[in-house]
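In this note's numbering, the protein residues as written are -13 to 126. C-beta: ideal position from N, C-alpha, C; glycine also. Bear in mind that the values here come from a model prediction, so they are computed numbers and not experimental data. Below is one structure, written out as structure tokens, with a few remarks after it.
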Ligand code: ADP
Ligand code: MG
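Dropping the structure here:
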């Protein structure tokens, strides 16, 4: 487990970019933390480093996006599903969790055991002002 403190959004993006260098197709990165903790900012920095050019924003009306990069990059935000998977299409995540893609998941706890191939677990939390604690647990 590594612990980092970032002082602004750019520092979180840089940290994510550095971590992205060790990712490969099929890897899943779980990004947890409260609203505004910087999860999407982290994903943006990683996606940029993976060659994604289009804007990386929170998927609002869908649970995810797929971006073209050096490899396909999927970005899931499961917040909308916090009530549970009941009544949802069981194939909902399939389009994003493809073995050719590197996959980032915000609010991953919602998915329970659905997410395997986890390469990194990132836990972000507010540490006062623009500071954020970023705990990174790498695949062992
Ligand atoms: P989340 O996806 O966790 O809800 P976002 O990444 O969408 O959070 O938003 C985080 C907000 O906090 C952004 O407005 C970002 O600019 C700001 N921010 C300030 N300091 C930091 C930091 N150290 N790391 C990440 N984001 C930060
Ligand atoms: Mg977000």
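How is the beta strand (DSSP E) around residue i delimited, first residue to last?
{"i": "residue 90", "result": "88 to 92"}
{"i": "residue 107", "result": "104 to 112"}
{"i": "residue 62", "result": "59 to 63"}
{"i": "residue 52", "result": "50 to 53"}
{"i": "residue 74", "result": "Where residue 74 is concerned, there is no enclosing beta strand (DSSP E), given that its DSSP letter is neither H nor E."}
Name the one or two DSSP bridge partners that residue i has.
{"i": "residue 22", "result": "Residue 22 pairs with nothing; no bridge assigned."}
{"i": "residue 119", "result": "-9, 111"}
Residue range of the alpha helix (DSSP H) that residue i falls in?
{"i": "residue -2", "result": "-5 to 6"}
Leaving out five residues on either side along the sequence, give the residues of the same chain with a beta carbon under 6 Å from the beta carbon of residue i.
{"i": "residue 107", "result": "16, 123"}
{"i": "residue -11", "result": "121"}
{"i": "residue 54", "result": "none"}
Residues in its own chain within less than 8 Å of residue i by CB, not counting five upstream and five downstream?
{"i": "residue -9", "result": "113, 117, 118, 119, 120"}
{"i": "residue 9", "result": "15, 32, 36, 88, 105, 106"}
{"i": "residue 86", "result": "11, 12, 57, 58"}
Which same chain residues end up closer than 7 Å to residue i when comparing Cβ atoms and leaving out the 5 residues on each side of it in sequence?
{"i": "residue 109", "result": "18, 19, 121"}
{"i": "residue 4", "result": "none"}
{"i": "residue 49", "result": "62, 63, 64, 66, 67, 78"}
- Query: Are the region 70 to 80 and the region -4 to 6 in contact at 8 Å, needing three or more beta carbon pairs?
  - Reply: No: fewer than three Cβ pairs fall under 8 Å.
- Pick out every residue whose C-beta is nearer than 6 Å to a heavy atom of the ligand NAD: which are they, in chain order? As presented, the structure is devoid of the ligand NAD, carrying the ligand ADP and the ligand MG as its sole ligands.
- Say whether the region 17 to 27 touches the region 89 to 105, bearing in mind that this needs 3 or more beta-carbon pairs closer than 8 Å, one atom from each stretch. Yes, the region 17 to 27 touches the region 89 to 105.
- Message: When you compare the region 35 to 45 with the region 108 to 116, are there three or more beta-carbon pairs, one atom per stretch, that lie closer than 8 Å?
- Response: Cβ pair count under 8 Å is below three, so no.
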